[in-house]
Amino acid sequence: MSRLCRFFHTPEAIAGALILALLVMMALAAPLLFPGDPQAIAGPALLPPFQDWSLPLGTDRLGRDVLAELFHGARTSLAVGLAAAAAGLLIGAVVGTLAGFAGGLIDEVLMRITDAFQTVPSFLLALAFVSIVGPSLGVVVAAIALGAWTGPARVARAEVLSIRERDYVAGARVIGMHPLEIAFREVLPNALPPVLALASVIVAAAILTEAALSFLGLGDPNRVTWGGMIAEGRTVLRTAPFLSIVPGIALVLTVLGVYLASEGVVESTAVRRSLS
Amino acid sequence: MTSMLSIRDLSVRYRRDGVAALKGVSLDVETGERLAIIGESGSGKSTLALAIAGLLPRGARVDGRIDWFLPASAGAKAPLSVLPDISPSRGEIGSSVAGALPATAQVGEGGDHSVISPLEREMSDRTEREAKDRQPSALATSHPLLGRDIGFVFQDPSSSLDPVMPVGTQIAEVARTHLGLNWQDAYAKTKTLLERVRLPNTEATLRAYPHQLSGGQKQRVAIAAAITAGPRLLIADEATSALDTIVQAEIVSLIRKLVAEDGMTLLFISHDIALAATLADRIAVLRHGELVELGGTDQVLDAPRHAYTRALLDAHLGLDAKPLLGRRGALA
Amino acid sequence: MTVLAVSNLAKRYRRGGKPFAAVDDVSFEIGAAETLALAGPSGSGKSTIARLVLRLIEPDAGGIDFEGHDFLALSGAALRARRARLQMVFQDPLAAFNPRATVARVLDDPLRIHRLASRAERPLRVAALLERVGLDAGLAQRAIHEISGGQRQRVAIARAIATRPSLIVLDEAVSALDVSVRGQILELLLDLQRQERIAYLFISHDLGVIRAVAHRVVILDAGRVAEIGDARAVIANPQSAIGKALVAATPRLIRNRP
């Protein structure tokens with residue numbers, strides 16, 4: 000509990016947490032506030048915002064309620080962003096810890112695999128994956144994670160290489176702990192802070208990648224996404240810019256919120272050493 | 000002997016945890032003496048050394064007085080001037096030319112920041128190197144300047160030396176800053192200093208990086224840097240605690256020699272009372288931030304006034320003490 | 000009965016391209032419930048020998064016999080099981096533990112790994128261990144960084160005795176402690192030695208401490224054995240150059256001078 004209190008002491012954490020809370024509420028409230036299909040026609044096409052209070056943000060080219068789409072889009076973007084980042088961080092942390100702790104051949108092999116994935120631009124990787132396997136939410140998550148795990152892997156490995164030499168790791172060996180237990184119970188939790196620092200970047204990139212995939216028409220066609228909304232608005236950018244700007248602002252806010260919150264997480268998970 | 004430094008009722012409290020690191024410590028340091036400050040962890044001995052040197056972190060609350068009575072420092076850029084006796088809300092630093100009583104003069108015009116209490120300026124968070132790099136202004140010379148009037152040797156030479164700069168350059172930098180020498184003269188002075196601290200292969204050592212030297216060698220470099228500008232006061236804060244027995248004895252003997260040759264006053268901070276006794280004329284014992292004993296070395300060792308000092312002496316495991324092995328019962 | 004027999008141990012490293020011997024042809028034995036000290040200046044190989052004996056690093060040459068069997072021949076699960084009999088206490092009690100650990104977890108680990116107590120019994124054993132080293136059983140819930148240095152070192156000793164070892168390696172175990180605490184920890188170690196019949200390999204640069212607790216001492220110089228014998232005798236009358244230098248360098252506390 001004290002860690003939670005420390006988290007809420009930094010202004011960044013508070014701001015980030017507020018923004019994220021807002022977004023999560025948007026996502027959760029979507030089916031309650033806007034029941035029914037957000038892709039159903041709700042009114043006349045291209046209605047500007049703030050004109051009709053039953054359609055506060057106006058309508059798009061087909062007359063769909065922009066606010067409803069925004070709320071439902073939050074669900075997809077957040078879900079994909081967070082799931083992909085979590086998958087990427089998990090895979091990266093495990094691979095990095097194994098490589099750093101085992102050393103030798105295992106380290107070489109794992110690092111060369113990491114190199115291979117890292118040299119391909121992650122967006123192209125995601126693009127290729129989705130094109131081949133087909134667009135659906137799960138596939139999009141996997142596609143993004145495929146490119147996202149390499150950064151955490153390298154950071155985790157670097158941390159582990161340094162932690163490996165510490166006295167307490169030697170102490171764990173001396174009491175007869177199994178190497179795998181040492182790697183995952185003693186070393187990995189202490190290697191996490193810098194890896195978690197990457198979380199903000201990865202979640203932000205994941206959300207943006209998902210938006211880009213949807214923009215290109217490779218997202219899940221049955222779901223409303225902010226990227227899809229921006230794509231839709233592209234053709235009427237001159238006459239109805241709000242169709243692209245509104246989801247764009249939502250994206251910016253989400254990325255900002257994630258960044259600020261993860262700064263707070265990093266601050267609060269750093270273990271305080273008492274100065275003697 | 001005249002007093003060089005007079006500490007009255009010094010109390011220090013760190014912002015971090017609010018615990019009083021020093022509580023009302025009063026003592027005088029005589030010019031030319033070798034004073035050892037002994038204490039265990041948490042006694043406040045390092046805090047006292049840092050307070051004297053002006054190295055306490057920003058936000059440390061300081062109460063009490065530290066008065067300096069410094070003669071003009073050998074090699075100083077400008078002679079000392081009389082500092083007005085400034086009394087901010089709390090804590091004061093006074094200074095005067097040797098022998099004279101501290102004068103109460105008018106504080107300068109408002110806009111001049113150098114007149115603001117040097118105590119508050121000294122309390123800012125700085126590294127040893129930054130402190131040495133500060134250019135002394137006319138009024139600032141009246142307060143002892145770290146690097147020029149006070150030499151400080153830290154416990155861990157691995158962290159007190161810059162790891163990415165050759166050691167010769169680090170010493171030369173002090174010479175340039177405080178003696179106003181150009182690089183060529185500064186390096187010449189550095190070579191002399193390296194010979195004085197018994198580091199052979201002067202040419203090679205000049206270009207060596209700290210990680211290429213052993214612990215003892217690094218500490219000799221740190222000592223050389225500390226005495227470059229010919230300071231009046233040398234403070235050694237646990238300077239030998241990270242070294243093994245043989246190197247420790249060599250460094251202590253080096254310090255003894257340099258202090259005698261240059262006529263410096265020595266403040267030797269340590270947790271090892273036996274080691275301090277080989278070097279010091281007087282011993283001060285701190286416990287939980289309070290001064291519990293102060294006296295000549297012989298008197299403190301033979302007839303300590305405070306029970307804590309006696310306990311420290313009894314707990315010392317020396318080469319002549321009765322071994323624990325084969326004994327039953329608790330150690331006295 | 001010999002608990003540990005080290006013969007012709009050698010460990011070589013490369014420094015600046017040139018090979019140098021951190022440990023060179025070192026041999027010694029430790030009997031049951033005996034304390035053998037390793038003394039020497041820094042760089043003499045004391046810590047390297049400790050790590051070799053504990054098999055944290057592997058020797059380039061030589062043999063290590065532990066409890067009558069070839070210790071170097073063991074590996075994997077067999078080695079891990081044997082480790083119960085050979086434990087270690089480090090110099091820096093803060094670095095010796097996982098920064099996120101609690102006292103309970105630190106003491107629970109060896110009991111769990113070597114299956115010395117069932118899950119239900121373990122908290123009782125932990126409490127018993129804490130009391131054995133002079134700590135209050137309630138300390139179990141505290142985090143490692145919350146307790147004092149002396150308490151931490153007692154916890155380290157408790158962890159070391161948890162598996163009933165026959166030999167404990169103590170690497171500068173009291174060097175980082177306050178003088179007033181040192182004596183208590185050394186008394187505790189001697190008490191444990193008498194009661195549990197534990198041998199100690201005691202590494203220290205402080206001859207005074209060695210003289211107080213060790214039966215015999217090995218003086219090392221640049222990785223080689225310079226002198227070996229009864230601790231008090233060697234320190235009173237060192238024969239080797241390095242032994243003499245160490246004794247001469249140790250500060251004397253001379254009280255009641257005439």
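Chains P, X and H, in that order, are what the protein sequence lines are. Numbering-wise, numbering that gives the first Met the number 0 puts 234 at position 235 of the first sequence, and it's gapless, one number per residue. Numbering-wise, numbering that gives the first Met the number 0 puts 20 at position 21 of the second sequence, and it's gapless, one number per residue. Numbering-wise, numbering that gives the first Met the number 0 puts 117 at position 118 of the third sequence, and it's gapless, one number per residue. We put the CB at the ideal spot given by N, CA and C, even for glycine.
C-beta contact flag for residue i and residue j at 8 Å
| i | j | result |
| --- | --- | --- |
| X/LEU9 | X/VAL24 | yes |
| P/VAL186 | P/PHE100 | yes |
| P/LEU97 | P/ALA125 | no |
| P/GLY175 | H/ARG79 | yes |
| H/ALA9 | H/GLY61 | yes |
| P/LEU65 | P/THR58 | Checking the sequence shown, residue 65 of chain P turns out to be Val, not Leu. In contact: P/VAL65 and P/THR58 (Cβ atoms closer than 8 Å). |
| X/ALA52 | X/LEU145 | yes |
| X/LEU69 | X/MET3 | yes |
Residue i to residue j span [Cα, whole Å]
| i | j | result |
| --- | --- | --- |
| P/ARG156 | H/THR101 | 26 Å |
| X/GLN169 | X/ARG64 | 33 Å |
| P/VAL264 | X/LEU47 | 37 Å |
| H/VAL224 | X/LYS256 | 34 Å |
| X/LEU316 | P/SER199 | 55 Å |
| H/GLY39 | X/VAL166 | 28 Å |
| H/LEU3 | H/SER239 | 25 Å |
| P/ALA204 | P/GLY80 | 8 Å |
| X/ARG14 | H/PHE89 | 32 Å |
| H/GLY242 | H/SER41 | 14 Å |
| H/VAL208 | P/ALA152 | 47 Å |
| H/ALA127 | H/GLU120 | 11 Å |
| X/GLY90 | X/ALA59 | With a pLDDT of 42 at X/GLY90, under the threshold of 50, the modelled position of that residue is not reliable, and the figure given next carries that caveat. Their backbone Cα atoms lie some 12 Å apart in a straight line. |
| X/ARG304 | H/ASP23 | 51 Å |
| H/LEU115 | H/PHE19 | 43 Å |
| P/MET228 | H/ALA142 | 51 Å |
Chain P contact for residue i (CB, 8 Å cutoff)
| i | result |
| --- | --- |
| H/ASN236 | no |
| H/HIS113 | yes |
| H/ARG158 | yes |
| H/ARG79 | yes |
Chain H contact for residue i (CB, 8 Å cutoff)
| i | result |
| --- | --- |
| X/PRO322 | yes |
| X/ALA171 | no |
| X/GLY17 | no |
| X/GLY317 | yes |
| P/GLY175 | yes |
| X/LEU274 | yes |
| X/ALA221 | no |
| P/ARG111 | no |
| X/ALA203 | no |
| X/ASP66 | no |
| X/ASP184 | no |
| P/ALA169 | yes |
| P/LEU104 | no |
Cβ distance (whole Å) where residue i is taken to contact residue j below 8 Å
| i | j | result |
| --- | --- | --- |
| P/GLY256 | P/LEU19 | 4 Å |
| H/LEU35 | H/HIS214 | 7 Å |
| P/PRO48 | P/PRO55 | 7 Å |
| P/ALA171 | P/ILE181 | 5 Å |
| H/LEU200 | H/LEU37 | 7 Å |
| H/ARG254 | X/ASP301 | 6 Å |
Cutoff 8 Å: residue i Cβ touching any chain X Cβ
| i | result |
| --- | --- |
| H/GLY186 | Looking at the sequence provided, one finds Glu at residue 186 of chain H rather than Gly. Yes, H/GLU186 counts as interfacial toward chain X. |
| H/ALA244 | yes |
| H/LEU252 | yes |
Handout entry: Cβ-based contacts, 7 Å cut-off: residues of the region 82-107 of chain H near chain P
Key = ARG82, ALA83, GLN86, MET87, PHE89, ASP91, ALA94, ALA95, PHE96, ASN97, PRO98, ARG99
Handout entry: Residues in the region 35-56 of chain H having any Cβ partner in chain P nearer than 9 Å
Key = ARG50, LEU53, ARG54, LEU55
Exercise for the section: Using a Cβ-Cβ cut-off of less than 8 Å, list which residues of the region 185-196 of chain P approach chain H; keep chain order. Expected result: GLU185, PRO188, ASN189
Practice task
Identify each residue in the region 191-215 of chain H for which the Cβ-Cβ distance to at least one residue of chain X is less than 8 Å, and report them in chain order.
Solution key: Per Cβ criterion, the list reads HIS204, ASP205, LEU206, GLY207, VAL208, ARG210, ALA211, VAL212, ALA213, HIS214.
Handout entry: Within 9 Å of chain H by C-beta, residues of the region 230-254 of chain X in sequence order
Key = LEU242, ASP243, THR244, ILE245, VAL246, GLN247, ALA248, GLU249, VAL251
Exercise for the section: Give, in chain order, every residue of the region 215-227 of chain H whose Cβ lies closer than 9 Å to some Cβ of chain X. Expected result: none
Handout entry: chain H contacts made by the region 33-59 of chain X, where a contact means CB separation under 8 Å
Key = GLU39, SER40
Exercise for the section: May I ask you to list, following chain order, the residues of the region 150-182 of chain H that have a beta carbon less than 9 Å from some beta carbon of chain P? Expected result: Listed by position, the residues of the region 150-182 of chain H near chain P (Cβ gap below 9 Å) are ALA155, ARG158, ALA159, ALA161, THR162, VAL168.
Handout entry: Short-range partners of chain H found in the region 264-290 of chain X, where Cβ spacing is below 8 Å
Key = HIS270, ASP271, ILE272, ALA273, LEU274, ALA276, THR277
Practice task
Return the residues of the region 144-169 of chain P that lie within a Cβ-Cβ distance of less than 7 Å from chain A, sorted by chain order.
Solution key: The structure shown contains no chain A; the protein chains it does contain are P, X and H.
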